[in-house]
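Line by line, the protein sequences are chains A and F. Positions in the first sequence are counted from 1; adding 76 to them yields the working numbering. Positions in the second sequence are counted from 1; adding 133 to them yields the working numbering.
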Amino acid sequence: MPAHTLRAPKRQTPTETRDPDLLPVDQRTKIGKRFIYVHYESAWNYDADHGWLPKLSKLIAVPGVNGVGDDGSLNRVINGATAKGGTVIRPEDKRLLQSGEDPEEAEFYQYGRYYSTTSGERWWIEPGSEPTVTPAGRIIWNTAESVVVFARFRKHLRDSGIVEPIHPLVISEKTANQQARVEDLQRRAAINPHLAIKLAEALATLEAMQGQTDLANKADKKAGRKVGRARRGSVDV
Amino acid sequence: MPDAATIDTAQLISAGGLVAEVLSDLVLEQLYDPTDLTALMTFVPWNAGGSDTLRSTLDAVPGAYTARTSEIDGTNIANAAYTTGKFDLIPAGYSRKYELTDLLPIAGGPIQVERVAANLVAGVGLTMTDLLCALFPALLNDVGPGSGVDLDVSSIYDAQFQLNSQSVTGPYACVLHPQQINDFQNSLRAEAGAIQFQAATAEMLAARGPGFRGSWNGIQFFQSDSVSKVNTNADYAGAMFGAGCFGYTLADARLMAGHIPPGLLYLQNEALVIEMARDQSNFTTALIASIFPAVVEIEDLRGVEIISDV
């Protein structure tokens with residue numbers, strides 16, 4: 077770790093029994109463990125705001141799990157994920173920096189971040205997560221905001237080239253899956269009226285997916301590549 | 134109003150004759166999740182000699198034969214590749230310690246060394262459950278109704294279909310967070326024509342442990358609060374898997390017992406060692422329990438992650 081100056085000292089009024097900068101945990105609290113993200117080539121989902129975004133898996137650094145030793149080293153897990161065709165999102169990858177960002181203040185660069193807890197353990201968080209501690213010691217996470225930040229994080233992974241672009245056949249596969257989901261909901265909605273909302277949402281997603289596929293097809297036509305039947309495929313395992 | 138000569142309890146508590154509270158012999162458990170999911174993993178006996186890593190082999194997949202094209206010429210029968218696989222188990226030390234002062238046995242009461250030791254023994258299964266659940270977010274395949282959406286019947290079918298597509302043999306086990314179990318049952322309740330959920334009976338619980346919730350469509354459902362959160366705490370990451378997806382070992386803890394003076398060895402078996410540490414100068418006795426577990430994904434395609442709203 078390079079030389080660094082500590083930020084402003086913590087404040088605590090004499091009447092407070094708990095350090096306000098520590099997350100209160102008890103024996104039942106499940107603390108976020110240290111992790112690293114990995115992306116597998118077929119793991120994508122469709123986001124209404126950003127289009128196709130990479131879906132990330134988490135390799136959790138818990139000693140004794142998948143080859144993580146007492147020292148918490150993730151080398152073996154990373155090798156395992158790479159052998160499965162995964163792209164490991166290394167926190168120190170400079171491409172995580174957004175344009176003009178200072179590494180010290182970066183939003184996504186070195187995304188492995190933590191809060192200290194009353195038990196002395198570190199609570200590792202994902203990009204955008206921010207806890208609020210109530211007077212009774214309950215921790216509430218800003219999920220509504222953090223999912224937006226997390227979507228931007230995944231968009232940045234896609235746009236910066238850290239993960240390979242989605243393959244057109246994967247789009248076809250995902251679109252076909254969504255089509256199947258819509259058809260399933262259509263069958264069941266007749267006798268399950270409460271599914272009508274889900275069906276409408278699924279249809280809207282399908283239309284958006286198909287819209288993106290049409291755009292990609294037009295781009296391919298311009299570039300002189302084959303479209304249509306050649307795009308369809310099935311997976312051999 | 135009683136006169137000054139009346140003897141009442143407050144007076145005796147204050148002046149002597151009564152105590153404010155007496156301690157019942159009854160000790161009840163505080164609320165916690167006692168789920169032990171060790172049995173859902175394949176046990177690999179620890180027999181490493183000269184290494185802290187236990188490597189196991191996955192045999193090559195058998196292949197169908199190739200037809201001969203000639204009665205006398207065998208050149209079209211090429212050597213087939215015999216492609217094996219492997220997985221490693223690397224145990225890590227896990228311990229828990231309670232320290233009791235000398236005044237505890239003097240004062241009496243129900244919390245004594247034996248109860249503290251029993252409490253330590255109960256922690257082994259909880260540790261294994263924590264470790265197993267930490268494997269779920271690393272699974273390659275996932276299903277779910279979408280981030281931030283409650284788990285539904287369709288997603289469970291999706292998981293089942295995906296395992297079936299991979300030729301994973303049943304029965305399948307499904308480990309979900311209690312909230313996911315609630316959402317799934319809620320979805321089932323609203324679903325007309327769905328197959329009925331068979332809640333766990335006392336006999337089933339006795340056979341499968343406290344985390345077992347019941348079965349549905351041939352799938353055995355377990356719940357655990359160790360199931361991790363993903364997607365910035367928006368979702369839980371449960372999993373459905375078939376036998377042979379995850380494996381574990383518990384390195385023989387008795388092998389370290391040779392380092393412990395016999396008088397300080399409180400309990401030893403192949404999974405767990407509890408030793409006592411006496412600190413005379415501080416008048417305390419500590420009970421230290423140690424285990425050496427490792428869990429691993431044996432074959433990723435035998436499992437599928439189930440992601441749904443918290």
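Virtual Cβ for every residue (Gly too), placed ideally from N, Cα, C. Bear in mind that the values here come from a model prediction, so they are computed numbers and not experimental data.
Just the chain A side, please: which residues come within less than 7 Å of residue i by C-beta, in chain order?
i      : result
A281/F : Per the sequence shown, residue 281/F should be read as Gly rather than Ala. V223, listed in chain order.
E324/F : N268
L161/F : Neighbours of L161/F on chain A: none; closest Cβ ~16 Å, over 7 Å.
Which residues of chain F have a Cβ atom closer than 7 Å to the Cβ of residue i, listed in chain order?
i      : result
T219/A : T365, N366 and A367
K134/A : P270, A271 and V363
S205/A : T365 and N366
K146/A : Rather than Lys, the amino acid found at residue 146/A in this sequence is Asp. By Cβ distance, chain F contributes A225 and G226.
F226/A : N364 and T365
E202/A : T365
Tell me the residue span of the alpha helix (DSSP H) that contains residue i.
i      : result
T417/F : Where T417/F is concerned, there is no enclosing alpha helix (DSSP H), although the beta strand (DSSP E) it sits in stretches over T417 to I424.
D291/F : V286 to S298
G258/F : V246 to C266
E438/F : Run containing E438/F: none in the alpha helix (DSSP H); it sits in the beta strand (DSSP E), G436 to D442.
P311/F : P311 to A323
E249/A : P244 to A265
Q144/F : T142 to A148
L236/F : L236 to A240
L234/A : Before going on, a small fix: residue 234/A reads as Arg here, not Leu. Taken as a continuous stretch (DSSP letters only), the alpha helix (DSSP H) holding R234/A covers T219 to D235.
V153/A : N151 to A159
Whose C-alpha, out of the options, is nearest the C-alpha of residue i?
i      : options                           : result
V177/F : S441/F, I440/F, R435/F and I431/F : I431/F
Q313/F : G371/F, G258/F and L268/F         : G371/F
S157/F : I244/F, V257/F, G351/F and I239/F : I244/F
T217/F : D206/F, A138/F, N252/F and A193/F : A193/F
A256/A : I242/A, Y185/A, A278/A and Y113/A : A278/A
N155/A : V114/A, P85/A and R264/A          : V114/A
S414/F : A138/F, D235/F and S228/F         : D235/F
G127/A : N268/A, L261/A, I242/A and E249/A : I242/A
E247/F : L434/F, I421/F, D221/F and I440/F : I421/F
F355/F : F317/F, T186/F, L151/F and D385/F : F317/F
S159/F : G242/F, G183/F and I205/F         : Here residue 159/F is Leu; the residue named in the question, Ser, does not match the sequence. It is G242/F whose Cα lies nearest to the Cα of L159/F.
T190/F : G351/F, L309/F, G377/F and V155/F : G377/F
Y187/A : T194/A, S175/A and R171/A         : R171/A
A119/A : W200/A, A212/A, R234/A and P179/A : R234/A
G196/A : K131/A, R214/A and D97/A          : D97/A
R188/F : C266/F, Y231/F, P224/F and A367/F : P224/F
Q286/A : E202/A, V141/A, N253/A and Y185/A : N253/A
T219/A : V363/F, A148/F, D166/F and D433/F : V363/F
R198/A : K131/A, Y190/A and G204/A         : Y190/A
Grab the span of the beta strand (DSSP E) containing residue i for me, first residue to last.
i      : result
A333/F : That residue, A333/F, is in no beta strand (DSSP E); it is neither H nor E in DSSP.
E408/F : V406 to D412
H115/A : F111 to D123
R198/A : R198 to I201
I431/F : It is not in any beta strand (DSSP E) - I431/F carries neither H nor E in the DSSP assignment.
G371/F : D368 to F374
F379/F : F379 to L383
Which residues in chain F sit within 9 Å of residue i, going by Cβ to Cβ distance?
i      : result
D260/A : S287 and Y290
N151/A : The contacting residues do not exist; N151/A stays about 11 Å from chain F at best.
G213/A : Near G213/A there are no residues of chain F at all, since even the closest Cβ is about 16 Å away, more than 9 Å.
K250/A : Going along chain F, no residue has its Cβ under 9 Å from K250/A, so there is no contact; the nearest lies around 12 Å.
Y116/A : L273 and N274
Determine the chain A residues that contact residue i at a beta-carbon separation under 8 Å, and present them in chain order.
i      : result
P426/F : G140
V406/F : Chain A residues near V406/F: none, gap ~16 Å exceeds 8 Å.
A267/F : K109, I136, V138 and V141
E232/F : What E232/F touches in chain A: nothing, since even the nearest Cβ is about 16 Å away.
S359/F : K106
V429/F : V141, N142 and G143
Sort out for me which residues DSSP pairs residue i with in a bridge.
i      : result
P195/F : In the DSSP output, where bridge partners are listed per residue, P195/F has none listed.
S348/F : Q331/F and Q353/F
T190/F : K219/F
Q401/F : V406/F
P207/A : W217/A
K170/A : In DSSP, K170/A forms no bridge with anything.
My understanding is that residue i touches residue j, with C-beta atoms under 8 Å, so please give their C-beta distance in whole angstroms.
i      : j      : result
S149/A : P270/F : With a Cβ gap of about 18 Å, S149/A and P270/F do not count as contacting.
T260/F : P426/F : 6 Å
V443/F : Y369/F : 6 Å
V437/F : D275/F : 6 Å
L397/F : M389/F : In fact, because the Cβ distance is near 13 Å, the residues do not count as touching under 8 Å.
V223/A : G281/F : 7 Å
V308/F : L170/F : 6 Å
P100/A : T194/A : 5 Å
L400/F : I393/F : L400/F to I393/F, Cβ: 11 Å. No contact.
V301/F : A404/F : The Cβ separation is near 29 Å, so there is no contact.
F345/F : L268/F : Incorrect: roughly 19 Å between the Cβ atoms, too far for contact.
List, in order along the chain, the chain F residues whose C-beta lies closer than 8 Å to that of residue i?
i      : result
Y185/A : The contacting residues do not exist; Y185/A stays about 17 Å from chain F at best.
K160/A : L273 and D433
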